[in-house]
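Those sequence lines, one after another, are chains A and B.
Going by this note's numbering, the first residue of the first sequence is number 2, and it counts up by one from there.
Going by this note's numbering, the first residue of the second sequence is number 2, and it counts up by one from there.
Positions of the beta carbon are idealized from the N, C-alpha and C atoms, including for glycine.
Since we're looking at a predicted model, the values are computed, not measured.
Each remark here refers to the structure printed beneath this line.
Number of protein chains: 2
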Amino acid sequence: MQKLGPLDTAVSQDSYECTIAVECCVFGFQENVLKILLVKRSIEPFKGHWMLPGGAMGKGRTLPQSVNDVLNNLTGIKRISLEQVACYSEVDRHPIKRVVSVSFYALIKPENYPVIPKNYISDISWYALDELPRLGFDHDRLLKDALQKLRQNLRDNLVFGELLPDRFTITELQDLYESILGESLDRRNFRKKVLQMNVLEATSEKKKGVKGGPVLYKLR
Amino acid sequence: MQKLGPLDTAVSQDSYECTIAVECCVFGFQENVLKILLVKRSIEPFKGHWMLPGGAMGKGRTLPQSVNDVLNNLTGIKRISLEQVACYSEVDRHPIKRVVSVSFYALIKPENYPVIPKNYISDISWYALDELPRLGFDHDRLLKDALQKLRQNLRDNLVFGELLPDRFTITELQDLYESILGESLDRRNFRKKVLQMNVLEATSEKKKGVKGGPVLYKLR
DNA sequence: TCAAAAGTGTTCGGCTTACACCCATGA
DNA sequence: TCATGGGTGTAAGCCGAACACTTTTGA
């Protein structure tokens, strides 16, 4: 076993310090499919590769704050809420230096957050999950883990963040669920289930421009 | 919003670096109750306080490796397997310097891992969960989160690590479950459930010295 | 022999699944 | 008017919860 640097988190002066990065899987729902926000790097390493937006934790900033900082600095997205996924510490996960990353996911409505590539990002785009490019670093794995966590949370809780507009039909909600879970669900059973959760409230409006004239719901 | 130190995890030379610590909730099952291994600090800050064993990540070491390093250096425990719980990044969680901690939990048989206080640890002890002292730093919270994760994993998977001896009775297994979950379970339902999971195998032996002569089981 | 723990089966209710027809609306 | 999607109910199977008596063993 390797000799430890510091035995104590409190007092040792010779602590080995290391860059902590945050990486964020920003999920959005667009054209009826679940998408993930990717950015293209214009610098080495992994120049020209698509990847999850990420960057170093700021001094005096917590990890969730840093995710917001990073997103704002790379994509223009501001103040979104996040869920922690996991921490990645393999020594060689970054080709140049040691970086420990903490990954997060977020659920947003793309139409509320116009994105622009900033700083070293040359391109930015929402990708459907089944049309993903190969990602830089170990972000394929990070994305896989985040999606799994999202699915788990969705099954447990019915939290769909702010992926839908304020008023939505049950079919739209079902499309969202199917898109996230990657499986199709029975219409009647789905309706029964979400209605008896008692979190939806029917409005008096109906959705126009679609056959059948479905009732619009809102969150209670 | 605060200016970011580095915008890029890859190239910037001026990255803000910070100590990463690991903290470990080592659970054991002793005298029929779930216990947690605590150590008493002999140095400031929190001198004289009980806390979870923890320490800085080592250079060139992953987080799980570092947990093992730290445990070995503080308690003598070697090579146990770990589950990641969460990452804690509040700026003031350490009174002297900035530390980001990643917490883990582990399940071991205390009789297999004799513990001794080493380095700056003045005392070490297994505590029942309902007799806990107040812990130093934010370890009360870390422990609470770890216990919740352990319970969740237990409900999902039937994984009880190596908390039990090789041969055990179903009642012993049930005692373990009740102790971890903090609730009592119906004997018949519990038996049915674990047996139909098909992970237990009855041996031809019966446990001696206990009334009723229960059959000993082992993991399949 | 008696006290304590082991071992065993059934019933009930709720939840999930599967499934088909009529209605409202836009084209 | 017709094609599309919206809206609805019921039956079957599965799972978890509740519950009592007999058997085995140690004391």
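For this session: Please check if any C-beta of chain B sits within less than 8 Å of the C-beta of residue 101 of chain A.
Result: Along the first sequence, read from residue 1 onward, the residue named residue 101 of chain A stands at position 100. Yes, its Cβ sits closer than 8 Å to a Cβ of chain B.
For this session: With 9 Å as the limit, tell me which residues of the segment 85–96 of chain B have their beta carbon closer than that to any beta carbon of chain A; keep them in chain order.
Result: For the segment 85–96 of chain B, which is checked against every Cβ of chain A, the residues closer than 9 Å are 85, 87, 88, 89, 90, 91, 92, 95, 96.
Exercise. Taking Cβ positions only, does residue 64 of chain A come closer than 8 Å to chain B?
Worked result: For the purposes of this step, residue 64 of chain A is taken as residue 63 along the first sequence, with counting starting at 1. Under the Cβ distance rule, residue 64 of chain A counts among the residues neighbouring chain B, one pair being separated by less than 8 Å.
For this session: Could you work out which residue in B:105, B:127, B:56 is closest to residue 112 of chain B when comparing CA atoms only?
Result: The residue you call residue 112 of chain B lines up with position 111 of the second sequence. Just measuring C-alpha positions, the residue of B:105, B:127, B:56 sitting nearest residue 112 of chain B is B:127.
Exercise. By Cβ distance below 8 Å, which residues in the same chain neighbour residue 66 of chain B in space, the five residues on each side in sequence not counted?
Worked result: Mapped onto the second sequence, residue 66 of chain B falls at position 65. The beta carbon of residue 66 of chain B sits closer than 8 Å to the beta carbons of 59 from its chain, once the five residues preceding and following it are set aside; these are given in chain order.
Exercise. Among A:168, A:39, A:181, A:214, which residue has its Cα nearest to the Cα of residue 204 of chain A?
Worked result: Position 203 of the first sequence holds residue 204 of chain A. Of the residues A:168, A:39, A:181, A:214, the one whose Cα lies closest to the Cα of residue 204 of chain A is A:168.
Exercise. Buried or exposed: residue 198 of chain B, going by 16 or more other Cβ atoms within 10 Å of its Cβ?
Worked result: By 1-based counting over the second sequence, the position of residue 198 of chain B is 197. Burial call: exposed.
Exercise. From what residue to what residue does the beta strand (DSSP E) around residue 124 of chain A run?
Worked result: Locating residue 124 of chain A in the first sequence gives position 123, where the first residue counts as 1. Element bounds for residue 124 of chain A: 122–129.
For this session: Inspect the beta-carbon positions of residue 151 of chain B and residue 164 of chain B and report whether they are closer than 8 Å.
Result: On the second sequence, position 150 is the one that residue 151 of chain B refers to. On the second sequence, position 163 is the one that residue 164 of chain B refers to. Not a contact, by the Cβ cut-off of 8 Å.
For this session: May I ask you to report which of helix, strand or coil DSSP gives residue 114 of chain B?
Result: Taking the second sequence and counting its residues from 1, one reaches residue 114 of chain B at position 113. In the structure shown, residue 114 of chain B sits in coil (DSSP, three-state: anything other than H, G, I, E or B).
Exercise. Taking 8 Å as the CB-CB limit, is residue 183 of chain B close to chain A?
Worked result: Residue 183 of chain B sits at position 182 when you count from the first residue of the second sequence. The C-beta of residue 183 of chain B comes no closer than 8 Å to any C-beta of chain A.
Exercise. Which of helix, strand or coil does DSSP assign to residue 90 of chain A?
Worked result: Along the first sequence, one-based indexing puts residue 90 of chain A at 89. Residue 90 of chain A: coil per DSSP, three-state reduction.
Problem set entry | Assigned secondary structure, residue 41 of chain B (DSSP; H/G/I helix, E/B strand, else coil) | The count along the second sequence starts at 1 and reaches residue 41 of chain B at position 40. Residue 41 of chain B falls in the strand class under three-state DSSP.
Exercise. If you draw a straight line from the alpha carbon of residue 109 of chain B to that of residue 119 of chain A, how long is it in whole angstroms?
Worked result: Taking the first residue of the second sequence as position 1, residue 109 of chain B is located at position 108. Taking the first residue of the first sequence as position 1, residue 119 of chain A is located at position 118. Each residue's alpha carbon lies about 49 Å from the other.
Exercise. Under the DSSP definition of a beta bridge, which residues are partnered with residue 66 of chain B?
Worked result: The count along the second sequence starts at 1 and reaches residue 66 of chain B at position 65. Note: residue 66 of chain B sits in no beta bridge, so no partner.
Exercise. Can you tell me whether DSSP reads residue 13 of chain B as helix, strand or coil?
Worked result: One-based indexing of the second sequence puts residue 13 of chain B at position 12. Annotation note: pLDDT 41 at residue 13 of chain B (below 50); position unreliable, coordinate value reported separately. It is coil, neither helix nor strand.
Problem set entry | Nearest neighbour of residue 71 of chain B, chosen from B:102, B:82, B:54, B:20 [CA to CA] | As a working note, residue 71 of chain B is residue 70 in the second sequence. When each option's Cα is compared against that of residue 71 of chain B, the closest is B:54.
Exercise. Can you check whether the CB of residue 218 of chain B is closer than 8 Å to the CB of residue 139 of chain B?
Worked result: As a first step, residue 139 of chain B must be located in the second sequence, where it is residue number 138. As a first step, residue 218 of chain B must be located in the second sequence, where it is residue number 217. The beta carbons of residue 139 of chain B and residue 218 of chain B sit no closer together than 8 Å.
Problem set entry | Candidates B:52, B:100, B:124: closest to residue 17 of chain A by CA position | In the first sequence, residue 17 of chain A corresponds to position 16, counting from 1. Taking the Cα of residue 17 of chain A as reference, the smallest distance to any Cα among B:52, B:100, B:124 is reached at B:100.
For this session: Evaluate residue 206 of chain B with the Cβ neighbour count: other Cβ atoms within 10 Å of its Cβ, from every protein chain shown; 16 or more gives buried, anything less gives exposed.
Result: Indexing the second sequence from 1 puts residue 206 of chain B at position 205. Exposure of residue 206 of chain B is indicated by the presence of fewer than 16 other C-beta atoms within 10 angstroms of its C-beta.
Problem set entry | Test item: CB-CB of residue 63 of chain A and residue 91 of chain B under 8 Å | Against the first sequence, residue 63 of chain A aligns to sequence position 62. Against the second sequence, residue 91 of chain B aligns to sequence position 90. Yes, the Cβ-Cβ distance between residue 63 of chain A and residue 91 of chain B is below 8 Å.
Problem set entry | Cross-strand partners of residue 52 of chain B (DSSP beta bridge) | For the purposes of this step, residue 52 of chain B is taken as residue 51 along the second sequence, with counting starting at 1. Per DSSP, B:40.
For this session: Quick one: residues in its chain with C-beta nearer than 8 Å to the C-beta of residue 48 of chain B, no 5 flanking neighbours on either side, listed in chain order?
Result: Here the question's residue 48 of chain B lines up with position 47 in the second sequence. Within the same chain, residue 48 of chain B has close Cβ partners 42.
For this session: Report the rounded CA-to-CA distance for residue 84 of chain A versus residue 26 of chain A, giving the unit in angstroms.
Result: Walking along the first sequence from the start, residue 84 of chain A turns up at place 83. Walking along the first sequence from the start, residue 26 of chain A turns up at place 25. Taking the straight line joining both Cα atoms gives about 10 Å.
Problem set entry | Counted within 10 angstroms of its Cβ, other Cβ atoms place residue 24 of chain A as buried (16 or more) or exposed | In the first sequence, the residue the question calls residue 24 of chain A occupies position 23. Residue environment: residue 24 of chain A is assigned as buried (16 or more neighbouring CB atoms within 10 Å of its CB, all protein chains considered).
Exercise. If you compare alpha carbons, which of B:56, B:182, B:187, B:123 is closest to residue 21 of chain B?
Worked result: The count along the second sequence starts at 1 and reaches residue 21 of chain B at position 20. Per the Cα distances, B:56.
Problem set entry | 8 Å contact criterion, which residue 77 of chain B and residue 115 of chain B should meet: CB distance rounded | Counting from one through the second sequence, the residue named residue 77 of chain B turns up at place 76. Counting from one through the second sequence, the residue named residue 115 of chain B turns up at place 114. Rounded, the Cβ-Cβ distance is 7 Å, consistent with contact.
Exercise. Between the C-alpha atoms of residue 7 of chain A and residue 79 of chain A, what's the straight-line distance to the nearest angstrom?
Worked result: On the first sequence, position 6 is the one that residue 7 of chain A refers to. On the first sequence, position 78 is the one that residue 79 of chain A refers to. Residue placement at residue 7 of chain A cannot be trusted, given a pLDDT of 39 that sits under 50; what the coordinates show is reported in the next sentence. Whole-angstrom Cα-Cα distance: 37 Å.
Exercise. Three-state secondary structure (DSSP) at residue 207 of chain A?
Worked result: Mapped onto the first sequence, residue 207 of chain A falls at position 206. Residue state, collapsed to three classes: strand.
Exercise. Can you give the Cα-Cα distance for residue 37 of chain A and residue 180 of chain A, rounded to whole angstroms?
Worked result: Residue 37 of chain A sits at position 36 when you count from the first residue of the first sequence. Residue 180 of chain A sits at position 179 when you count from the first residue of the first sequence. It is roughly 12 Å from the alpha-carbon of residue 37 of chain A to the alpha-carbon of residue 180 of chain A.
Exercise. Quick one: what's got a C-beta closer than 7 Å to residue 185 of chain A's C-beta in the same chain, skipping five residues either side?
Worked result: Position 184 of the first sequence, counting from 1, holds the residue named residue 185 of chain A. Around residue 185 of chain A: 179.
Exercise. Mind pulling the beta strand (DSSP E) runs of 3 or more residues that sit fully within the segment 164–202 of chain A?
Worked result: Within the segment 164–202 of chain A, there are no complete beta strand (DSSP E) runs of at least 3 residues.
Exercise. Which value, in whole angstroms, describes the spacing of the CA atoms of residue 154 of chain A and residue 148 of chain A?
Worked result: Here residue 154 of chain A corresponds to residue number 153 of the first sequence, with the count starting at 1. Here residue 148 of chain A corresponds to residue number 147 of the first sequence, with the count starting at 1. Cα-Cα distance, rounded: 10 Å.
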